[in-house]
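Visitor: Okay, handing you the structure first.
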Amino acid sequence: YLCLSIYLSNLLDNMFFIAPAPVTETVFLTTQSAHDVLQRHKRHNTGLLEEVLEGNLERECIEEKCDLEEARETFENDEKTVHFCVVSDGNQCASSPCANQGTCKDFIGYYTCLCGTGFTGRHCEIARRCDVNNGQCMHFCESMGTFGAKCSCALGYTLQENGMDCEPEGNTLYMLSITSTIFYLYIICYFHILSYFYF
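Right, here's the structure in full:
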């Protein structure tokens with residue numbers, strides 16, 4: 001059986017002209033050859049806690065991912081740290097990423113868009129619509145066509161800076177509470193009187 005399978009294998013190889021795979025010396029590189037390709041100086045621990053050592057800019061912000069904490073270890077001064085991070089970080093708002101007259105606010109490593117009235121989304125690219133989530137308005141929503149939506153508040157409330165939320169003015173909430181309680185009592189008394197006369 002073994003002889004037959006070897007014979008058939010050789011026969012098939014010859015029929016389809018399959019050449020045997022070339023023989024190479026080795027599959028793996030030697031240690032020295034691999035080290036020649038992958039040259040990277042690795043630091044090792046000094047035996048002391050890294051936190052008690054004086055900060056090193058190369059170690060803290062080049063070999064490791066540089067963030068505010070790592071830079072602070074190097075400079076040990078808040079003002080110098082922030083200046084270094086701002087200078088090395090660059091201005092994320094330079095490309096004007098906010099659409100529809102949104103205002104870009106630059107931070108270290110990221111930015112946010114403050115959207116104008118009627119727009120939302122990471123880049124203020126989505127026009128708010130009153131038929132979707134009430135245009136994100138807390139009280140009332142007015143459609144502005146292609147300019148999104150405009151929010152307004154009920155009597156006794158003030159529209160907040162974000163253009164969507166409403167806060168009560170002064171003691172309005174207390175007054176509304178008293179008014180609604182009195183109204184509720186009035187209705188109870190009214191139905192009580194009706195039930196006395198008609199039933």
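All residue numbers for the sequence shown refer to the UniProt record's numbering, where the first residue is 1 and numbers rise by one.
Each residue gets a CB set at the ideal place from its N, CA and C atoms; glycine is no exception.
(1) Which residues mark the beginning and the end of the beta strand (DSSP E) in which Tyr-110 is found?
(2) Whole angstroms is fine: what's the gap from Cys-124's alpha carbon to Cys-141's?
(3) Quickly, what does DSSP pair Lys-150 with across the bridge? List them, please.
(4) I'd like to know if the stretch 91-111 and the stretch 131-139 are in contact, where contact means that at least 3 CB-CB pairs between them fall below 8 angstroms.
(5) What did DSSP end up calling Ala-99 once you bin it into helix, strand or coil?
(6) In whole angstroms, what separates the C-alpha of Leu-114 from that of Lys-150?
(7) If you draw a straight line from the C-alpha of Tyr-157 to the C-alpha of Asp-165, how long is it?
(8) I need the DSSP call for Cys-93, collapsed to helix, strand or coil.
(9) With DSSP collapsed to three states, give me the class of Thr-120.
(10) Look up Thr-30 in the DSSP assignment and say whether it is helix, strand or coil.
(11) In the structure shown, what three-state DSSP assignment does Glu-167 receive?
(12) As a quick exercise: from Glu-79, Thr-117, Ile-126 and Ser-95, pick the residue whose alpha carbon is nearest that of Ser-152.
(13) In the DSSP output, which residue or residues are listed as bridge partners for Leu-155?
Guide: Straight from the coordinates:
(1) As a position in the sequence shown, residue 110 is number 110, starting the count at 1. Premise fails: Tyr-110 is in no beta strand (DSSP E) and is neither H nor E.
(2) Stepping through the sequence shown from its first residue, residue 124 is reached at position 124. Stepping through the sequence shown from its first residue, residue 141 is reached at position 141. Each residue's alpha carbon lies about 18 angstroms from the other.
(3) In the sequence shown, residue 150 corresponds to position 150, counting from 1. Per DSSP, Glu-142.
(4) no
(5) Counting from one through the sequence shown, the residue named residue 99 turns up at place 99. Correct three-state label for Ala-99: coil.
(6) For the purposes of this step, residue 114 is taken as the residue at position 114 of the sequence shown. For the purposes of this step, residue 150 is taken as the residue at position 150 of the sequence shown. For Leu-114 and Lys-150, the distance between alpha carbons rounds to 16 angstroms.
(7) Indexing the sequence shown from 1 puts residue 157 at position 157. Indexing the sequence shown from 1 puts residue 165 at position 165. Those two C-alpha atoms are separated by around 10 angstroms.
(8) The residue you call residue 93 lines up with position 93 of the sequence shown. If DSSP states are grouped into helix, strand and coil, Cys-93 belongs with the helices.
(9) What you label residue 120 is simply residue 120 of the sequence shown in a count that begins at 1. In this structure, Thr-120 counts as strand in the three-state DSSP scheme.
(10) Sequence index remark: in the sequence shown, residue 30 carries index 30 (1-based). Coil, per DSSP.
(11) Walking along the sequence shown from the start, residue 167 turns up at place 167. Note: Glu-167 maps to strand in three-state DSSP.
(12) Position 152 of the sequence shown, counted from the start, is the residue given in the question as residue 152. For the residues Glu-79, Thr-117, Ile-126 and Ser-95, the minimum Cα distance to Ser-152 belongs to Thr-117.
(13) The residue you call residue 155 lines up with position 155 of the sequence shown. Bridge partners of Leu-155: none, in fact.
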